[in-house]
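Undergrad: Shown below is the structure under consideration.
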Amino acid sequence: MVAMAAHVKLPYAIFDYSSHSGSYYPQNIYHDKPTEQSSRWSSGIHDHKQFIILRLDKPVVARTITFGKFHRSKLQSFSSRSTYVNLEKLKGHVCNLKEFKIFGGMQPDEMAEILHQGLRNDNEKETFRLRHVSNNLVFPVQFIKIVPLSTFGDNFNYSIWYVELNGIEEDAVIQSVIKKYNNYKEEETVRLCLKHFRQLNLTDVFHLLKRQSSVQLEHPLLTQLHQSLVVDGDFLMAENIIREASSCHLFKPYADNAEYSTVWRRINATTAGRYVESHAVTDVSLESDFYQYFVDSDYWIKISSNTAREGGPELLFDHQMCVDPKEQVLYVFGGRVVSSSTSIHNYSGLFSFHIISNTWRLVRNDMSAPIYSAQSSPTSTSRSDTSTPVQQAGTRVSNSSLSPSARLKSRIGHSMLFDPATRDLYIFASQRSKDNMSNLYRYSIDTEVVTEITEDFSRNSASDPGYTQRVTMDIEQQEFYVYSGYMRSKACNVVKHSLWVYNLRQDRWERVYENESRDPQYHRRMRHIEPCPRFAHQMVYDPTTKAQYVFGGNPGDIADPTRRLSDFWELRLVKPDPESIVRRCLYLIRIQKLRELCSQAAQKGKLVDGRVSSYTLCALDYLQNKVTPLVNHTREDEVRELHELCAHLCVSDETMNTLVEPNGRDYGTQFERRTRLFGNLMIYFPRDMKEPEGTLVDVVKLK
């Protein structure tokens, strides 16, 4: 019903706002007047407390939001042969929203986040899809809150020029959505009550509410687990339920979405060859020669003395290459053309080299003419623009006419990867002239279509923009691994030690590790544990062993700018698999049983008639044969917990009593501990199987 409903423009009014500056009232965003400087809302101050709340005429399903931008009326253009580019389209405004969040809900004080994005700094309208489904349920909204987070100019007030909302307002559809939404809220309220009563051990009230409401708190398997573990204390049955859950692959979703942790290993290696600075080659007569190396025979051959004369690229530096092994094609993209003039920045396009026939082909040119400094004048022209328009993925909706800035630019300091399964090239991050680009593009070899997957990695990952990051890819997992780089921040340029993982299927960034410590003593201590921050290094990925290998680079040593690294590291990213989750669950269950055995031994006494009591022997036997084999000795918390319980079993009765409550065995305290254990086990189960998150107590707020 919702899928078939028509989308219309949704009327709204300003409900509330944080502040405004001068005559830049929030009501100005009603009108799309892009050439009028004053037709905008501008905040009175620049902080994270600024907002605008829009009230729609009635409840709707909001699907998209469109932002207009300032557009100077006077146009400028230049020509490169027969190609005309509107320079004014590339110009943005310092007050445009670089980052913002949008919230939606039925009440102004009860709203959920429905978008976290940022605008491109140009004058083209942008439309974004709004989240309108939660827990497989379409939800209505009547209030929209826009929260600016940053602008393109430092410390400039936020400005919004125009806002348009589109969605569904058809009465029959909205009434159905509201009814299902209210039923969901009522059911979730009952489930929270059931969870609350069960946690308080109010068994009679729990069963009465469950029987009369006919609401299911959780999956029957988890109800059985709660009964065995928390109520009956049947730990063996609880273990069997965990194994049954694993056999049904219930732990796989958690394992797939778990966070990575890093394991570094330094490898001893020797180096060969030399490094030539890019500015040094202009003093030497060099041509764009091309060589092939045979690994098995340790033999070099010269394929070409000058690739440019054979239809290939000119003499380049900081370009990227990758190979299509099936078709035996080498792809070369980007890089700057070496020139005798340091004032001209000419970038190379995308070339392919057929290895078998030794032939070059220009796939696509750079999208624009050479970039000249203020002191230079054009002395040559680039080849005509053959750029392919970009199709935007994710929450940004493509415009029918894209600006030149949205096309694939040639660059330096980027990474390029080839996916043999889909025959796609992935191009990530870069520098072009003074601009640092943090985008991720996919270029289809067969269709020649360019898709912008991520417009700004630094915004999605909350990392500073930069270039010379090194990227590898796991084809099977469809994951990119982004390691370190030279970062551009507002304060200064730094070399940051960081590692990010991007999941292409889920469109999700995950920060695995980040450390920008510049303390030389720290890196001296850690030199055998992890590599120091660097850029312009090399990183390759072995899909067979799932290991990354990192070599060399520039540490950005201010005291010694010529210093280069020659260390070699292996990096493994590890995350829990279903088997390790089962081990962890069984460990938690057995450690709880051991605690209860220790409590029982403490109450009965360590010695009976001068001999070790049977309760203590039972606890020691369980510790030795059931708990110790499950301990993961790489986890400090498990090792520490094991040592504490061992100590409690081996010291006096008085000390053992500190393990339990002063009143001895208290059913309520034991029940609470088992309840906490049950909650810890629920972390590994799918969300739609378990009791609702949150507590009933959180609903109560002080007025």
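Mapping of the sequence shown onto the working numbering: position 441 corresponds to residue 422, and the numbering continues sequentially without gaps.
Using N, Cα and C, we set each Cβ at its ideal position, and we do this for glycine too.
Quick caveat, the model's predicted, so the values are computed rather than measured.
(1) Closer than 8 Å by C-beta to Val154: which residues in its own chain qualify, once you throw out the five before and the five after it? Chain order, please.
(2) Looking at the unbroken beta strand (DSSP E) that takes in Val706, where does it start and where does it end?
(3) Out of Arg317, Arg492, Ala93 and Val304, point me to the one whose CA is closest to Asp405's CA.
(4) Count the C-beta pairs between the region 185 to 194 and the region 648 to 666 that are closer than 8 Å, then say yes if the count reaches three, no if not.
(5) Find the nearest neighbour of Leu554 within the set Glu674, Ala528, Ile284 and Gln573, judged by alpha-carbon distance.
(6) Given Met87, which residues of its chain have a CB within under 6 Å of its CB, disregarding the five upstream and five downstream residues?
(7) Going straight from the alpha carbon of Ile611 to that of Ala239, what length do you get?
(8) Taking the beta carbon of Asp213 as the centre, do at least 16 other beta carbons fall within 10 Å, making it buried, or is it exposed?
(9) Let me check one thing: in DSSP terms, what residues is Met397 bridge-paired to?
(10) With which residues is Ala43 paired in a DSSP beta bridge?
(11) DSSP three-state call for Thr609: helix, strand or coil?
(12) Specify the secondary structure class of Tyr522 as computed by DSSP and reduced to three states.
(13) So, Tyr267 versus Leu296, is the Cβ gap smaller than 8 Å?
(14) If you reduce the DSSP assignment to three classes, tell me which class Ser465 lands in.
(15) Starting from Ser23, follow its DSSP beta bridges and name the residues at the other end.
(16) Could you compute how far the alpha carbon of Gly534 sits from the alpha carbon of Gln519?
(17) Can you tell me whether DSSP reads Pro129 as helix, strand or coil?
(18) To the nearest angstrom, how far is the alpha carbon of Ser228 from that of Asp277?
(19) With burial defined as no fewer than 16 other Cβ atoms inside 10 Å of the residue's Cβ, what is the status of Leu175: buried or exposed?
(20) For Thr435, is the classification buried or exposed, using 16 other Cβ atoms within 10 angstroms of its Cβ as the cut-off for buried?
(21) How would you call Cys513, buried or exposed, if buried means at least 16 neighbouring beta carbons within 10 angstroms?
(22) Do you know how far the Cα of Ile562 is from the Cα of Thr204?
(23) Whose C-beta lies closer than 6 Å to the C-beta of Gly716 among residues of the same chain, with five residues either side of it excluded?
(24) For Asn104, does the three-state DSSP call read helix, strand or coil?
(25) Give the range of the beta strand (DSSP E) segment to which Val244 is assigned.
(26) Using a 10 Å radius around the Cβ and a threshold of 16 neighbouring Cβ atoms, would you call Thr639 buried or exposed?
(27) Just to confirm my understanding: we take Asn496, look at its own chain, exclude 5 residues before and 5 after, and list those with CB closer than 7 Å. What are they?
(28) Using the rule of at least 16 other Cβ atoms within 10 Å of the residue's Cβ for burial, across every protein chain shown, is Thr340 buried or exposed?
(29) Rank Lys390, Ser425, Thr615 and Thr403 by C-alpha distance to the C-alpha of Ser419 and give the top, closest one.
(30) Bridge partners for Ala600 per DSSP, in chain order?
(31) Of the residues Ile510, Leu677, Pro673 and Leu181, which one's Cα is nearest the Cα of Thr243?
(32) Using C-beta distances below 7 Å, list every residue in its chain close to Ala443, excluding the 5 sequence neighbours before and after it, in chain order.
(33) In whole angstroms, give me the CA-to-CA distance for Leu626 and Ala402.
(34) I'd like the list of long-range same chain contacts for Tyr522, defined as Cβ closer than 6 Å, with 5 residues on each side in sequence excluded.
(35) Tell me, please, whether the region 154 to 167 touches the region 24 to 33 by the rule of three or more beta-carbon pairs shorter than 8 Å.
(36) Can you list, in chain order, the residues of its chain with a C-beta nearer than 7 Å to that of Met218? Leave out the 5 residues immediately preceding and following it.
TA: Inspection of the coordinates gives the following:
(1) Numbered from its first residue, the sequence shown carries residue 154 at position 173. Cβ neighbours of Val154 beyond the five flanking positions: Met(-18), Val(-17), Ala(-14) and Val42.
(2) No information on residue 706 is available, as it lies outside the stretch -18 to 684 that the chain covers here.
(3) Here residue 405 is taken as the residue at index 424 of the sequence shown, counted from 1. It is Val304 whose Cα lies nearest to the Cα of Asp405.
(4) no
(5) The residue given as residue 554 occupies position 573 in the sequence shown. Of the listed residues, the one whose Cα sits closest to Leu554 is Ala528.
(6) Position 106 of the sequence shown, counting from 1, holds the residue named residue 87. Same-chain partners within the cutoff: Gln123.
(7) Here residue 611 refers to the residue found at position 630 of the sequence shown. Here residue 239 refers to the residue found at position 258 of the sequence shown. Sequence check: residue 611 is Leu here, not Ile. C-alpha separation (whole angstroms): 21 Å.
(8) Mapped onto the sequence shown, residue 213 falls at position 232. Asp213 comes out exposed.
(9) In the sequence shown, counting from the first residue as 1, residue 397 sits at position 416. According to DSSP, Met397 bridges with Ile408.
(10) In the sequence shown, the residue the question calls residue 43 occupies position 62. Bridge partners of Ala43: Gly148.
(11) Translated into positions along the sequence shown, residue 609 becomes position 628. Helix, per DSSP.
(12) By 1-based counting over the sequence shown, the position of residue 522 is 541. Three-state DSSP puts Tyr522 in a strand.
(13) Counting from one through the sequence shown, the residue named residue 267 turns up at place 286. Counting from one through the sequence shown, the residue named residue 296 turns up at place 315. It should be pointed out that residue 267 corresponds to Leu in this sequence rather than to Tyr. Cβ distance < 8 Å, so Leu267 and Leu296 count as in contact.
(14) As a working note, residue 465 is residue 484 in the sequence shown. Residue state, collapsed to three classes: strand.
(15) Mapped onto the sequence shown, residue 23 falls at position 42. Answer is Ser140, bridged to Ser23.
(16) Along the sequence shown, one-based indexing puts residue 534 at 553. Along the sequence shown, one-based indexing puts residue 519 at 538. Going by the C-alpha atoms only, they are around 7 Å apart.
(17) Counting from 1 along the sequence shown, the entry for residue 129 is found at position 148. Here Pro129 sits in strand by DSSP.
(18) Indexing the sequence shown from 1 puts residue 228 at position 247. Indexing the sequence shown from 1 puts residue 277 at position 296. The alpha-carbon atoms of Ser228 and Asp277 are separated by roughly 46 Å.
(19) In the sequence shown, residue 175 corresponds to position 194, counting from 1. Result: buried.
(20) Looking up residue 435 in the sequence shown gives position 454. Buried, because 16 or more other Cβ atoms sit within 10 Å of the Cβ of Thr435.
(21) Working through the sequence shown from its first residue, we reach residue 513 at position 532. So Cys513 ends up on the buried side.
(22) The residue given as residue 204 occupies position 223 in the sequence shown. The residue given as residue 562 occupies position 581 in the sequence shown. Computed Cα separation, rounded: 20 Å.
(23) In the structure as shown, the chain starts at -18 and stops at 684, and residue 716 therefore has no counterpart that could be examined.
(24) Taking the first residue of the sequence shown as 1, we reach residue 104 at position 123. Note: Asn104 maps to coil in three-state DSSP.
(25) Locating residue 244 in the sequence shown gives position 263, counting from the first residue. It spans Ser242 to Ile248 - the beta strand (DSSP E) in which Val244 sits, taken as one unbroken run.
(26) For this step, residue 639 is matched to residue 658 along the sequence shown. With a pLDDT of only 48 at Thr639, under 50, the local geometry of the prediction cannot be trusted, and the value read off the model is given with reservation. Exposed.
(27) For the purposes of this step, residue 496 is identified with residue 515 of the sequence shown, where counting begins at 1. His478, listed in sequence order.
(28) Residue 340 sits at position 359 when you count from the first residue of the sequence shown. Looking at its Cβ environment, which holds fewer than 16 other Cβ atoms inside 10 Å, Thr340 is exposed.
(29) Your numbering for residue 419 matches position 438 in the sequence shown. Nearest of Lys390, Ser425, Thr615 and Thr403 to Ser419, Cα basis: Lys390.
(30) Position 619 of the sequence shown, counting from 1, holds the residue named residue 600. Note: Ala600 sits in no beta bridge, so no partner.
(31) Within the sequence shown, the letter at position 262 stands for residue 243. Of the listed residues, the one whose Cα sits closest to Thr243 is Ile510.
(32) Start at 1 with the first residue of the sequence shown, and residue 443 comes out as number 462. Legend: pLDDT at Ala443 = 47, less than 50; position of this residue unreliable, no value from coordinates given.
(33) The residue labelled residue 626 in the question sits at position 645 within the sequence shown. The residue labelled residue 402 in the question sits at position 421 within the sequence shown. C-alpha separation (whole angstroms): 53 Å.
(34) Here residue 522 corresponds to residue number 541 of the sequence shown, with the count starting at 1. These residues qualify, in order along the chain: Thr453 and Gln529.
(35) no
(36) Numbered from 1 along the sequence shown, position 237 holds the residue referred to as residue 218. Only Ser209 meet the Cβ criterion.
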